[in-house]
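Protein chains in written order, with the numbering used here: chain A, 36 to 306; chain B, 73 to 445. Here a beta-carbon is modelled for each residue, glycine too, at the ideal position from N, C-alpha and C. Report on the structure given below.
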Amino acid sequence: MALEPISQANGNGGAKEVIIEVSDVVAGFGDHLVLNHINLNVHRGEVLGFVGGSGAGKSVLMRTIIGLVPKREGSIKAFGVDMDAADDHERQAVERRWGILFQQGALFSSLTVKENIEFPVREYLNLSQRLLDELAVAKLEMVGLDASVCDKFPSELSGGMTKRVALARALALDPEIVFLDEPTSGLDPIGAGDFDTLIATLQRTLGLTVFMVTHDLDSLHTVCDRIAVLADGKVIADGTMETMLASKHPWLQAYFHGKRARLDASPLKSR
Amino acid sequence: MLLDGKAEGERLTLAATGAWVAQNARRLEGEIDGMARRNGGIKRVDIDMAGIQRLDTFGAWLLERLVRSFTAQGVKAEVTGLAEKYRALMDEVRGVKADEAPHKEPGTLTSAFASVGLAMVLVGGTISSIINLIGALVVAFLRMASRPRSFRLTSMVHQLDNVAWRAVPIILLITFLIGCIIAQQGLFHFRKFGADVYVVDMVGILVLRELGVLIVCIMVAGRSGSAYTAELGSMKMREEIDALRTMGFDPIEVLILPRIMALIIGVPILTFLGSMAALYGGGLVCWLYGGIDPDIFLSRLKESISLNTFQVGMIKAPFMALIVGVVACVEGLAVKGSAESLGLQTTASVVESIFLVIVLDGMFAIFFASIGM
């Protein structure tokens, strides 16, 4: 599958390829508009942190992009394919190129850890069982687990392990972009820190693009290249951590300079 | 070709080309395994990766597997020309201990026996939890009797609406049809030796003693027992039952007692209605198909059945309701974390309660025979 660059235009001056392009999207439930003419680009190779108040529609945007929430207006292009115009075949081709980590993991409860990771690979590629098993172990080790969890069922895993296995499943087909929905929620600070390191490492090794919905200020500090802020159904700010900290917008002030904001965390990626 | 080999004496040079990615993994695995077997007198292998277009985890792992299989044969393998951007990925893959990938052991005769044994233990476990729950219900009932205000009447009325009131149409329809069928079959065969009128005796006794209550209980087990199991099971999965317990409420008292009380009240009512519908259906068929006038049917029915016949059916109803309810709740509480286990327990709940209802019916038959009812 050839990967032609789609768009070279980028506000930050660099010539980075846009792999997800959200333009003028409106989505909502009933009378309530959650996304109100929203625009957002995701560039290849970046870690985009997406923040906003609870109920601001961060998860809704993510679910709209991946097609789980229907939108009312606007268009979404993924890898240059307009998702509305795409036929089933094109859509499936795009879906193979992204991986999603759901907030609760969404592991299939009747399959073992190994079967969960092998599932997408088995469905899309016709590989030998030996290779499937080896790759499942390889993915598990990449996310910091080992072969001993292979035959466990999702109900026997701890919260942190569930997230890691879910990440391994999201990475099973070697996607180009992963969507992470609050990857560190429900983890203790040490576990959350480890998970951030893991995301940074995987991003480096696999050349991933990461779209991360998060509330975790430490994650934003340590792994995100760019931060986009959602409020009132629009992206109100977009830029690096420094831009966010310098902003005079009252919501950003409250979010990044609030009691829980710690300014001493240093970015993992620059280490 | 994704991998091209050239042998010069003891030295094998492999040149990799194309995209070493997921889509090509199947082809690549075949070529790599083929290469790894070609080891006639080779001492040294150079793998030139400069020609590849792309590499992902699949390709990286297969390359690592090739290197490992050569190393295992005592051949020195070296990878050259790998692009800088794939270095980190290769380092990651190098640490993978894939030999530890567990393989399922094939089933043996012993494991077949073991699974039979395990199934027996599970049956024992279910029986003991049924007895446990009955005990707990008695305790909860006594506690409720001492403080009647603590009984959850609203909950019970809600359950009664679900299991009894809403079940009335389907129960009436099914028992009516069963009554019709029994009468028709009876007429058809009894007519051969001129015993038409005894069909009324058969319909009356069969429906009032056995079939009315059995059909209703089987319906209730399928309709409400499965619903109880699924409700309690999903509450268990989402820790709602634990939440109740931590707030100081007894799940037996809050969730199970109202449900079982609703069944114990609802099933006799349904049995009565069902028996009447079956008699009505039987009477209708006798009249239209067998030419037995309704007047004759009724007077014959009066002679053939006594209050005893009716009582036998009605006495059984609450006990069978208790069994259906207890089995449904026991199976619901036995649900573990997975969606599959919810399905399994719901199936088990319906199968076990129907089985136990029939066993109980047999025991009642013996009991009533020996007391002469």
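Between the stretch 96-109 of chain B and the stretch 147-164 of chain A, can you find at least three pairs of beta-carbon atoms closer than 8 Å?
yes
Can you list the residues of chain B that threonine 240 of chain A reaches, using a CB-CB cut of under 7 Å?
Locating residue 240 of chain A in the first sequence gives position 205, counting from the first residue. Annotation: Cβ neighbours of threonine 240 of chain A in chain B (cutoff 7 Å, chain order): Ala160, Leu161 and Glu164.
If we cut at 8 Å on Cβ distances, does asparagine 151 of chain A have a partner in chain B?
Here residue 151 of chain A corresponds to residue number 116 of the first sequence, with the count starting at 1. Contacts with chain B at 8 Å (Cβ-Cβ) do not include asparagine 151 of chain A.
In terms of alpha-carbon separation, which member of A:Arg204, A:Ser144 and A:Asp231 lies closest to leucine 175 of chain A?
Start at 1 with the first residue of the first sequence, and residue 175 of chain A comes out as number 140. Ranking the options by Cα distance to leucine 175 of chain A, first place goes to A:Arg204.
Can you give me the start and stop residues for the beta strand (DSSP E) that glutamate 136 of chain B sits inside?
Taking the first residue of the second sequence as 1, we reach residue 136 of chain B at position 64. Unbroken run through glutamate 136 of chain B is the alpha helix (DSSP H), 129-144; no beta strand (DSSP E).
Where glutamate 82 of chain B falls, given that 16 or more other Cβ within 10 Å makes a residue buried:
Here residue 82 of chain B is taken as the residue at index 10 of the second sequence, counted from 1. Glutamate 82 of chain B should be labelled exposed.
In three-state DSSP terms, what is glycine 140 of chain A?
If you number the first sequence from 1, residue 140 of chain A lands on position 105. DSSP places glycine 140 of chain A in coil when its eight states are reduced to three.
Pull the bridge partners of lysine 269 of chain A from the DSSP assignment, please.
As a first step, residue 269 of chain A is located in the first sequence; it is residue number 234 there, counting from the start. Paired residue(s): A:Ala266.
Nearest neighbour of aspartate 181 of chain A, chosen from B:Arg224, B:Val211, B:Ser183 and B:Lys169 [CA to CA]:
Counted from its first residue, the first sequence places residue 181 of chain A at position 146. Closest by alpha carbon: B:Lys169.
Taking glycine 90 of chain B as part of the beta strand (DSSP E), name the residues at either end of that continuous run.
Locating residue 90 of chain B in the second sequence gives position 18, where the first residue counts as 1. First-last of the beta strand (DSSP E) with glycine 90 of chain B: 90-92.
Using beta carbons (cut-off 8 Å, strictly below), is proline 40 of chain A in contact with chain B?
Position 5 of the first sequence, counting from 1, holds the residue named residue 40 of chain A. Legend: pLDDT at proline 40 of chain A = 40, less than 50; position of this residue unreliable, no value from coordinates given.
Indicate whether at least one CB of chain B lies closer than 8 Å to the CB of methionine 196 of chain A.
In the first sequence, the residue the question calls residue 196 of chain A occupies position 161. Output row for methionine 196 of chain A: interface = no.
Where glutamate 52 of chain A meets chain B, residues with beta-carbon distance less than 8 Å:
In the first sequence, the residue the question calls residue 52 of chain A occupies position 17. None at all; the shortest Cβ gap to chain B is about 15 Å.
Valine 95 of chain A and alanine 62 of chain A - do their beta-carbons sit closer together than 8 Å?
To locate residue 62 of chain A, count along the first sequence from 1; it is residue 27. To locate residue 95 of chain A, count along the first sequence from 1; it is residue 60. Yes, the Cβ-Cβ distance between alanine 62 of chain A and valine 95 of chain A is below 8 Å.
CB-CB under 8 Å to leucine 136 of chain A, same chain, minus the five flanking residues each way: which ones, in chain order?
If you number the first sequence from 1, residue 136 of chain A lands on position 101. Here the set comprises Lys198, Ala201, Leu202, Ala205, Val213, Phe214, Leu215, Asp216 and Pro218.
Is the beta carbon of leucine 243 of chain A within less than 7 Å of some heavy atom of the ligand FAD?
As far as ligands go, the structure on display features none, and thus does not contain the ligand FAD.
Taking the alpha helix (DSSP H) that aspartate 168 of chain A falls in, what are its first and last residues?
Taking the first sequence and counting its residues from 1, one reaches residue 168 of chain A at position 133. Its alpha helix (DSSP H) spans residues 164-177.
To the nearest angstrom, how far is the alpha carbon of arginine 306 of chain A from that of glutamine 238 of chain A?
Numbered from its first residue, the first sequence carries residue 306 of chain A at position 271. Numbered from its first residue, the first sequence carries residue 238 of chain A at position 203. Low per-residue confidence applies at arginine 306 of chain A: pLDDT is 42, beneath 50, and the placement is therefore not dependable, though the value from the model is reported in the following sentence. When rounded, the distance between both Cα atoms is 14 Å.
Kindly indicate the opening and closing residues of the alpha helix (DSSP H) around threonine 150 of chain B.
For the purposes of this step, residue 150 of chain B is identified with residue 78 of the second sequence, where counting begins at 1. Strictly speaking, residue 150 of chain B in this sequence is glutamate, with threonine absent from that position. Per DSSP, glutamate 150 of chain B belongs to no alpha helix (DSSP H); it is in the beta strand (DSSP E), 148-152.
Any beta carbon of chain B sitting closer than 8 Å to that of asparagine 71 of chain A?
The residue labelled residue 71 of chain A in the question sits at position 36 within the first sequence. For asparagine 71 of chain A, the answer is no, since every Cβ of chain B falls outside 8 Å of its Cβ.
Taking 7 Å as the limit between beta carbons, can you name the residues of its chain near alanine 44 of chain A, skipping five residues before and five after?
Along the first sequence, read from residue 1 onward, the residue named residue 44 of chain A stands at position 9. Model confidence at alanine 44 of chain A stands at a pLDDT of 39, short of 50, so the residue's coordinates are unreliable and nothing is read from them.
Measuring CB atoms only, is the stretch 298-314 of chain B touching the stretch 411-422 of chain B, in the sense that at least three cross pairs come out at less than 8 Å?
yes
Taking buried to mean at least 16 other C-beta atoms within 10 Å of its own C-beta, is leucine 127 of chain B buried or exposed?
Mapped onto the second sequence, residue 127 of chain B falls at position 55. When all chains shown are included, leucine 127 of chain B counts as buried.
To which residues does DSSP link arginine 261 of chain A through a beta bridge?
The residue given as residue 261 of chain A occupies position 226 in the first sequence. Answer is A:Leu83, bridged to arginine 261 of chain A.
Helix, strand or coil: how does DSSP classify threonine 244 of chain A here?
For the purposes of this step, residue 244 of chain A is taken as residue 209 along the first sequence, with counting starting at 1. Three-state DSSP puts threonine 244 of chain A in a strand.
Since leucine 209 of chain B and isoleucine 332 of chain B are thought to touch, with beta carbons under 8 Å apart, how far apart are those beta carbons, to the nearest angstrom?
For the purposes of this step, residue 209 of chain B is taken as residue 137 along the second sequence, with counting starting at 1. For the purposes of this step, residue 332 of chain B is taken as residue 260 along the second sequence, with counting starting at 1. Confirmed, Cβ separation roughly 6 Å.
Under a CB-based cut-off of 8 Å, is valine 82 of chain A close to chain B?
Locating residue 82 of chain A in the first sequence gives position 47, where the first residue counts as 1. So, not an interface residue.
Going by other Cβ atoms of all chains shown within 10 Å of its Cβ, with 16 needed for buried, is histidine 292 of chain A buried or exposed?
Residue numbering aside, residue 292 of chain A sits at position 257 when the first sequence is read from its first letter. Exposed is the label assigned to histidine 292 of chain A, since fewer than 16 other Cβ atoms lie within 10 Å of its Cβ.
C-beta atoms of isoleucine 73 of chain A and glycine 268 of chain A nearer than 8 Å
For the purposes of this step, residue 73 of chain A is taken as the residue at position 38 of the first sequence. For the purposes of this step, residue 268 of chain A is taken as the residue at position 233 of the first sequence. Yes. Within cutoff.
If you measure from the beta carbon of methionine 36 of chain A to each beta carbon in chain B, is any gap under 8 Å?
Within the first sequence, residue 36 of chain A is the residue found at index 1, counting from 1. Low confidence applies to methionine 36 of chain A: its pLDDT is 39, below 50, so where it sits in the model is not reliable, and the reading given next is rough at best. So, interface residue.
Residues near isoleucine 246 of chain B in its chain [Cβ-Cβ closer than 8 Å; skip 5 each side]
In the second sequence, residue 246 of chain B corresponds to position 174, counting from 1. In its chain, beyond the 5 residues on either side, Ile287, Met291 and Gly346 have a beta carbon closer than 8 Å to the beta carbon of isoleucine 246 of chain B.
What is the DSSP secondary structure of serine 410 of chain B, reduced to helix, strand or coil?
Here residue 410 of chain B refers to the residue found at position 338 of the second sequence. The answer is coil: DSSP assigns serine 410 of chain B none of H, G, I, E or B.
Taking the beta carbon of glycine 146 of chain B as the centre, do at least 16 other beta carbons fall within 10 Å, making it buried, or is it exposed?
What you label residue 146 of chain B is simply residue 74 of the second sequence in a count that begins at 1. Glycine 146 of chain B should be labelled exposed.
Tell whether a beta-carbon distance below 8 Å holds between serine 376 of chain B and glycine 276 of chain B.
The count along the second sequence starts at 1 and reaches residue 376 of chain B at position 304. The count along the second sequence starts at 1 and reaches residue 276 of chain B at position 204. Yes, the pair counts as a contact, with Cβ atoms nearer than the cut-off.
Residues of chain A with CB closer than 8 Å to the CB of glutamate 101 of chain B, please, in chain order.
Looking up residue 101 of chain B in the second sequence gives position 29. Those within 8 Å of glutamate 101 of chain B in chain A are Leu162, Ser163 and Leu166.
Should lysine 115 of chain B and lysine 148 of chain B be called a contact, given that it needs their Cβ atoms to be closer than 8 Å?
The residue labelled residue 115 of chain B in the question sits at position 43 within the second sequence. The residue labelled residue 148 of chain B in the question sits at position 76 within the second sequence. Contact flag set, yes.
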